[in-house]
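Heads up: the sequence shown begins at 2 in the working numbering, then just goes up one per residue.
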Amino acid sequence: MDLEWFAIGAGTVVLLYIIYRFLQVLLNIIGPYVIFQPIDLHKKSGASWAVVTGATDGIGKSYSFELAHRGFNIFLVSRTESKLEATKQEILKKYPDVEVRIATYDFTNPSPAAYRELLSDLNEVNIGILINNVGMFFEYPEEIHKVEGGIETLANVAIVNVLPPTLVSLFKIGISQ
Ligand SMILES: NC(=O)c1ccc[n+]([C@@H]2O[C@H](COP(=O)([O-])OP(=O)(O)OC[C@H]3O[C@@H](n4cnc5c(N)ncnc54)[C@H](OP(=O)(O)O)[C@@H]3O)[C@@H](O)[C@H]2O)c1
2 MDLEWFAIGA
12 GTVVLLYIIY
22 RFLQVLLNII
32 GPYVIFQPID
42 LHKKSGASWA
52 VVTGATDGIG
62 KSYSFELAHR
72 GFNIFLVSRT
82 ESKLEATKQE
92 ILKKYPDVEV
102 RIATYDFTNP
112 SPAAYRELLS
122 DLNEVNIGIL
132 INNVGMFFEY
142 PEEIHKVEGG
152 IETLANVAIV
162 NVLPPTLVSL
172 FKIGISQ
């Protein structure tokens, strides 16, 4: 008899756990569409502009379009002026109500003077979001002393991955002197 009650108790606990997990999965799938409110990025960021680094291809470009779709004005930053101009026109064609500005910057350049120039451009508008998408990694995994390009590549990887999150963020507190 005791064994029977134990089996019923254990079965009930397992069943409740399965139902709980099922409801959790269901909530995660349908919650964003019917229950949860999207975060109000305009309110949260307190500004109408977003800056996207590495904005002319791939992930950065997608972010730029998504933010424009959400009504943000976009500041596009990457190396190639022609790609920046083309991306700007594409965004404006799809979202004519937003403003788009561009700035060329090669983030392998660690010069504080060059960053000051970029920040001074960014500070002309009120930016509340930074998508620091630009990044660099090796073409393929390799022992560090055999990496193609040697110390220059290693230095660039460190510079591109480490400096922009700190230095481009300075627009927010206006340190561009
Ligand atoms: N795609 C993936 O599966 C994946 C996975 C994990 C992480 N990531 C990381 O996510 C980021 C974006 O990836 P993605 O695949 O979207 O890259 P992508 O398509 O190659 O686009 C890179 C963008 O960054 C710009 N860029 C490249 N080097 C730059 C530099 N030194 N200074 C300024 N802008 C530069 C490029 O434009 P210009 O050439 O005109 O400068 C372009 O707009 C990278 O950091 C990547 O490592 C990607």
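Here a beta-carbon is modelled for each residue, glycine too, at the ideal position from N, C-alpha and C. Computed from a predicted model, the values in this text were never measured in an experiment.
For the alpha helix (DSSP H) containing residue i, name the first residue and the last one.
{"i": "residue 1", "result": "This structure gives no information on residue 1, because the portion of the chain shown stretches from 2 to 178."}
{"i": "residue 117", "result": "113-123"}
{"i": "residue 152", "result": "151-168"}
{"i": "residue 41", "result": "No alpha helix (DSSP H) holds residue 41; DSSP gives it neither H nor E."}
{"i": "residue 142", "result": "Run containing residue 142: none; DSSP gives neither H nor E here."}
{"i": "residue 98", "result": "Segment: none, residue 98 is in no alpha helix (DSSP H) and carries neither H nor E."}
Pick from the options: whose alpha carbon is nearest that of residue i?
{"i": "residue 103", "options": "77, 91, 156", "result": "77"}
{"i": "residue 126", "options": "168, 110, 22, 74", "result": "74"}
{"i": "residue 72", "options": "100, 29, 33, 151", "result": "100"}
{"i": "residue 41", "options": "98, 30, 68", "result": "68"}
{"i": "residue 108", "options": "81, 96, 86, 90", "result": "81"}
{"i": "residue 162", "options": "152, 168, 137", "result": "137"}
Taking 8 Å as the limit between beta carbons, can you name the residues of its chain near residue i, skipping five residues before and five after?
{"i": "residue 140", "result": "149"}
{"i": "residue 154", "result": "139, 148"}
{"i": "residue 84", "result": "57, 58"}
{"i": "residue 128", "result": "48, 50, 51, 52, 76, 172, 173"}
Here's a check: name, in chain order, each residue in its chain whose Cβ is nearer than 6 Å to the Cβ of residue i, leaving out the five neighbours to either side.
{"i": "residue 177", "result": "Its pLDDT being 48, under 50, residue 177 is placed unreliably in this model, and the value from its coordinates should be taken loosely. Only 117, 120, 121, 124 meet the Cβ criterion."}
{"i": "residue 106", "result": "78, 119"}
{"i": "residue 8", "result": "none"}
Taking 7 Å as the cut-off, is the CB of residue i close to at least one heavy atom of ligand 1?
{"i": "residue 81", "result": "yes"}
{"i": "residue 69", "result": "no"}
{"i": "residue 138", "result": "yes"}
{"i": "residue 76", "result": "no"}
{"i": "residue 61", "result": "yes"}
{"i": "residue 172", "result": "no"}
{"i": "residue 127", "result": "no"}
{"i": "residue 169", "result": "no"}
{"i": "residue 122", "result": "no"}
Leaving aside the five residues before and after residue i along the sequence, list all residues of the same chain whose C-beta is less than 7 Å from its C-beta, in chain order.
{"i": "residue 170", "result": "131"}
{"i": "residue 111", "result": "160, 164"}
{"i": "residue 37", "result": "none"}
{"i": "residue 62", "result": "56, 88"}
{"i": "residue 64", "result": "53, 132, 134"}
{"i": "residue 113", "result": "none"}
Strictly by DSSP, which residues pair up with residue i?
{"i": "residue 69", "result": "Beta-bridge pairing links residue 69 to no other residue."}
{"i": "residue 54", "result": "78, 133"}
Relative to ligand 3, is the shortest distance from any of its heavy atoms to the C-beta of residue i smaller than 7 Å?
{"i": "residue 58", "result": "For ligand 3, the structure offers nothing, since it holds only ligand 1."}
Just curious, the beta strand (DSSP E) that residue i is in, first and last residue?
{"i": "residue 104", "result": "101-105"}
Counting contacts by CB-CB distance shorter than 8 Å, is residue i in contact with chain C?
{"i": "residue 153", "result": "The displayed structure is made up of one protein chain only, and chain C is not part of it."}
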